[in-house]
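Q: Take this structure first; my questions come after.
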Amino acid sequence: MNWSKRTRSYGLILSITLLIGVYCSYVFLFSPPQAIENAAVDYSGPSEALLQKVSNNHSNWKTQVVAISGTISSIEQQGIILDHSIFCQFKNSDDLRTIKTNQRIQVKGQIVGYDDLLGELKIKQCIVL
């Protein structure tokens with residue numbers, strides 16, 4: 004009889020732990036992304052300086068929010084390329100209509116990652132400041 008009580012209590016603890024884990028996973032996976040407009044900026048400055056810092060140690064920069072200024076090298080369908088090496092994907096594609104190549108611009112966005120092979124930094128959810 005003692006063994007049965009112990010087994011039931013272990014089963015209860017295991018099931019409660021499992022339910023808490025499932026709930027936390029659900030909240031984490033399906034929570035909306037943070038609005039970039041309200042996010043605190045971790046770096047503000049020229050795009051060339053940011054690219055140099057990220058290329059030296061890119062693991063610490065992932066998911067950091069940055070506000071950078073630079074010259075538009077080209078305009079793509081989803082975003083722009085700043086100073087030939089930073090791809091900025093815009094949150095709202097309507098912002099692309101008002102900008103032109105070789106224009107100086109300041110954007111705010113979240114770093115996705117750095118491509119070592121191409122030497123390109125990728126930033127998402129960009130907005131024009």
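Counting the sequence shown from 1 gives a position; my numbering is that position plus 3. Don't be surprised by glycine CBs; every beta carbon is placed ideally from N, CA and C. Values in this document were obtained by computation on a predicted structure and should not be read as measured data.
(1) Buried or exposed for S50, please, with buried defined as at least 16 other CB atoms from any protein chain shown within 10 angstroms of its CB.
(2) Measure the alpha-carbon distance for Q128 versus I114 and round it to whole angstroms.
(3) From the DSSP output, in three-state form, read off G14 for me.
(4) Tell me which same chain residues have a C-beta within less than 8 Å of the C-beta of Q106, skipping the five on either side of it?
(5) What number of angstroms, rounded off, separates the C-alpha of G122 from the C-alpha of C27?
A: To lay it out plainly:
(1) Against the sequence shown, residue 50 aligns to sequence position 47. By the 10 Å Cβ count, S50 comes out buried.
(2) Within the sequence shown, numbered from 1, the residue matching residue 128 stands at position 125. Within the sequence shown, numbered from 1, the residue matching residue 114 stands at position 111. Taking the straight line joining both Cα atoms gives about 9 Å.
(3) Here the question's residue 14 lines up with position 11 in the sequence shown. G14: helix per DSSP, three-state reduction.
(4) Residue numbering aside, residue 106 sits at position 103 when the sequence shown is read from its first letter. Excluding residues within five positions, the ones whose Cβ falls inside 8 Å are T74, I75.
(5) Numbered from its first residue, the sequence shown carries residue 122 at position 119. Numbered from its first residue, the sequence shown carries residue 27 at position 24. One C-alpha to the other measures close to 37 Å.
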